[in-house]
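Residue numbers (the working numbering): 1269 to 1422. Read through the structure below, which is laid out as structure tokens, and then see the notes.
Shown next as structure tokens:
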């Protein structure tokens, strides 16, 4: 679950999920919600439910990012997604096969499914420059779920 938050001068959202893998998946949706609005996420989810077969997108890429802990690896992973939009005009559709490994550092690997930016379909509301480390802390909620707040430079 993602929740867009009010934030002065930047944009922010909160993710609540059961696992770190779900945090990654939902955080990617949060970036899309900032870019294109929450209705974009709802429309995509409805489209997915209608189509029993997965739609074919133009590009699948393996993405890997690491950091000293899960939080920093997550920020680096989100910045990889943002880079692909900025530099190559690829719009994320889904993230799957998420694997998180922890040793000296934490690494997040996943398959990202993109489609080419289409100005008729993709109408950015806000351009995201980068996910930041500001206020970044993974914590447990009283009911045992994981929660993290992510602030992005706009």
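Yeah, the Cβ is synthetic: ideal placement off N, Cα and C, and Gly gets one too. Being a predicted model, the structure only gives us computed values, none of them experimental.
Among the options, nearest to residue i - alpha-carbon criterion
i            : options                : result
residue 1408 : 1300, 1417, 1366, 1402 : 1417
residue 1380 : 1373, 1355, 1369, 1365 : 1365
residue 1351 : 1308, 1405, 1299       : 1299
residue 1327 : 1363, 1296, 1338, 1292 : 1363
residue 1316 : 1294, 1330, 1348, 1361 : 1361
residue 1371 : 1378, 1338, 1421, 1312 : 1338
residue 1382 : 1405, 1374, 1353       : 1353
residue 1343 : 1313, 1406, 1272, 1269 : 1406
residue 1399 : 1289, 1341, 1375       : 1341
residue 1333 : 1270, 1375, 1402, 1314 : 1375
residue 1390 : 1304, 1295, 1419       : 1304
residue 1345 : 1296, 1313, 1312       : 1296
Span of the alpha helix (DSSP H) around residue i
i            : result
residue 1300 : 1288-1304
CB-CB length for residue i against residue j, believed under 8 Å
i            : j            : result
residue 1285 : residue 1413 : 6 Å
residue 1292 : residue 1378 : 7 Å
residue 1357 : residue 1384 : 6 Å
residue 1274 : residue 1335 : 27 Å between Cβ atoms; not a contact.
residue 1306 : residue 1272 : 6 Å
Continuous beta strand (DSSP E) stretch holding residue i: start and end
i            : result
residue 1330 : 1327-1335
According to DSSP, residues forming a beta bridge with residue i
i            : result
residue 1271 : 1282
residue 1418 : 1281
*What residue ranges within the segment 1343-1416 form continuous alpha helix (DSSP H) runs of no fewer than 4 residues, ordered along the chain?*
For the segment 1343-1416, not a single whole alpha helix (DSSP H) run of length 4 or above is found.
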